[in-house]
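Chemist: Here the numbering used here = 1-based position in the sequence shown + 60. I am attaching a structure below and will ask some questions about it afterwards.
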Amino acid sequence: MAIKTNKKRASVVVFAMKQKRAKRKWDDTLLFNSAFGALTLAIILLAHSQIWLATALLAIVAITGLYYWKSKTTTAIFFLGGALCALAETTAINAGVWSYSNSNLLGAPIWIYIVWGNSSAFIYQTALGLRELLGFES
């Protein structure tokens with residue numbers, strides 16, 4: 061009986077330590093992801109009409125994020141999400157659903173590809189952090 065109780069206590073302690081470690085990592089991830097998302101949005105709001113400036117600043121944010129996350133999967137998601145989502149957007153633009161006043165690539169500004177890539181990577185990394193924090197298994 062005492063052995064089962066000790067094993068149970070030990071497993072509870074191990075679980076609590078994992079949760080604390082996950083929370084600490086999640087706090088760092090949440091802070092970085094929030095800054096990543098906020099910078100992406102701020103650049104678009106402040107520099108959307110200056111296509112090349114917005115593109116350069118967004119590229120810096122994207123490279124910083126991909127370096128921070130150091131994940132081949134995130135990099136693949138960035139490029140795949142950027143390409144597929146921007147393709148869907150340019151399809152809608154060419155169908156007349158909406159338009160951009162300043163565009164330079166298939167009816168959209170070139171920075172839209174980076175914004176979609178950033179969004180895709182942001183969603184993926186935030187989901188990973190939540191999964192770890194909540195203790196879900198993959």
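Backbone N, C-alpha and C define an ideal beta-carbon position, used for all residues, glycine too.
1) DSSP puts L118 in a beta bridge; with which residues?
2) Candidates S159, I153, E149 and G189: which alpha carbon is nearest V175's?
3) Given N93, which residues of its chain have a CB within under 8 Å of its CB, disregarding the five upstream and five downstream residues?
4) If you draw a straight line from the alpha carbon of S109 to that of N164, how long is it in whole angstroms?
5) Apart from the five residues just before and just after Y128, which ones in its own chain have a Cβ nearer than 7 Å to its Cβ?
6) Taking its Cβ as the centre, do 16 or more other Cβ atoms sit within 10 Å of F196, making it buried, or is it exposed?
7) In the DSSP assignment, the alpha helix (DSSP H) including G189 goes from what residue to what residue?
8) Which first and last residues belong to the alpha helix (DSSP H) in which A148 is found?
9) Spatial neighbours of I170 within its chain, please: CB distance less than 7 Å, with the 5 preceding and 5 following residues excluded, ordered by chain position.
10) Going by CA-CA distance only, name the one from L101, N154, W158 and D88 that's closest to G177.
11) Quick one: what does DSSP say L106 is sitting in, helix, strand or coil?
12) Report yes if the C-beta distance between L113 and A107 is below 8 Å; otherwise report no.
Modeler: Straight from the coordinates:
1) Note: L118 sits in no beta bridge, so no partner.
2) E149
3) F182, Q185, T186 and G189
4) 11 Å
5) F92
6) Flag for F196 reads exposed.
7) W171 to L194
8) K132 to N154
9) For I170, where only same-chain residues beyond five positions count, the Cβ hits under 7 Å are I111, T115 and N164.
10) L101
11) helix
12) yes
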